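In structure tokens form, the structure reads like this:
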């Protein structure tokens, strides 16, 4: 079964942009739309089924009530989340916990990967830090000097990064990317540039928890594919292709072009789920990202 998803479009007043509307055709996106949660069964935001007899049901409801479509996956929670992020301004310098730390909050940890969809001419990304000891790192955090220690480097469209839990990181202004992650919404902000929200308040900072989970000394930047939690492939389709979905389903984002998945029309910006162990055909010239778990 080929299931199209309607993403949840999330306003981020501090840093959200307009490319989710302009580049991917989501004309109902709010102003300063920062995220499109396209494949999500998370309790915070769950994407909605847009076709089939399940139309109108959330992915969370589908997962909880129709496990056969997911190969009778044994986990209690749908394990991945796929979303577009559009950063008009810098996101906070932040970190995510691993599974062991997040367990106390009844959540998964958060490892994630990024595929860069668009950048400005001089866009950078922050991944990792230069601190040699926890004392050095913690002092910089306490004194709001963490910018002095982060690793920042230029990026371009098509770059791929894997962000381990415990890695200090930030998406910087001018970046639009596709993020595949564990299904977790835990983020610990370390530094937010002392910016005010529309109501004049500062966003919450989580220095204590961030200190608990940041890896010191830092690991090297990881630009390679990992598959502990999920697999990640970029596929260029130019002719008729026959596929069989993974035991737990294939999860698709259309990066470029248009075509058909069986009889279901698709175009740039579409999110799809192909249910467990399904034979399907792909028609058209298109580029897509596929995740499995």
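Residue numbers (the working numbering): 475 to 767. All residues carry an ideal CB built from backbone N, CA and C; glycine is no exception. Predicted, not measured: the structure shown is a model, and the values here were computed from it.
Might you give, ordered along the chain, the residues of its own chain that have their beta carbon closer than 6 Å to the beta carbon of residue i, omitting 5 neighbours on each side?
| i | result |
| --- | --- |
| residue 614 | 620 and 623 |
| residue 666 | 566 and 677 |
| residue 634 | 589 |
For residue i and residue j, what's the separation of their Cα atoms in angstroms?
| i | j | result |
| --- | --- | --- |
| residue 773 | residue 736 | No statement about residue 773 is possible, as the shown extent of the chain runs from 475 to 767 and does not include it. |
| residue 712 | residue 589 | 21 Å |
| residue 698 | residue 724 | For residue 698, the pLDDT reaches just 48, beneath the cut-off of 50, and the residue's location in the model is therefore unreliable, leaving the point undetermined. |
| residue 494 | residue 685 | 33 Å |
| residue 766 | residue 503 | 27 Å |
| residue 531 | residue 543 | 14 Å |
| residue 510 | residue 559 | 7 Å |
| residue 603 | residue 642 | 7 Å |
| residue 487 | residue 506 | 6 Å |
| residue 568 | residue 714 | 43 Å |
| residue 721 | residue 607 | 44 Å |
Exposed or buried, which one is residue i when buried takes at least 16 other CB atoms within 10 Å?
| i | result |
| --- | --- |
| residue 674 | exposed |
| residue 671 | exposed |
| residue 492 | exposed |
| residue 626 | exposed |
| residue 628 | exposed |
| residue 498 | buried |
Mapping the DSSP letters down to three states, classify residue i as helix, strand or coil.
| i | result |
| --- | --- |
| residue 720 | coil |
| residue 639 | coil |
| residue 561 | strand |
| residue 578 | helix |
| residue 600 | strand |
| residue 761 | strand |
| residue 697 | Residue confidence for residue 697 is low, a pLDDT of 47 falling below 50, so the modelled location carries little weight; the figure read from the coordinates is stated next. Reduced to three states, the DSSP call for residue 697 is coil. |
| residue 608 | helix |
Let me see if you follow: with CB-CB separation under 8 Å, is residue i close to chain D or not?
| i | result |
| --- | --- |
| residue 559 | Checking the listed chains, one finds no chain D in this structure; it contains a single protein chain. |
Could you pull out every residue in the same chain whose Cβ sits closer than 7 Å to the Cβ of residue i, ignoring the five residues on either side in sequence?
| i | result |
| --- | --- |
| residue 476 | 735, 736, 738, 746, 748 and 754 |
| residue 632 | 590 |
Inter-stretch contact (C-beta, 8 Å, three-pair minimum) for the stretch 741-751 and the stretch 714-730: yes
For the stretch 521-532 against the stretch 477-486, are there 3 or more C-beta pairs whose distance is under 8 Å? In short, these stretches touch, since the Cβ pair count reaches three.
Okay, do the stretch 642-660 and the stretch 592-600 touch, 3+ Cβ pairs below 8 Å being the bar? Yes: the two stretches touch, three or more of their Cβ pairs being nearer than 8 Å.
Quick test of the definition: if touching needs 3 or more C-beta pairs under 8 Å, does the stretch 550-560 touch the stretch 508-515? yes
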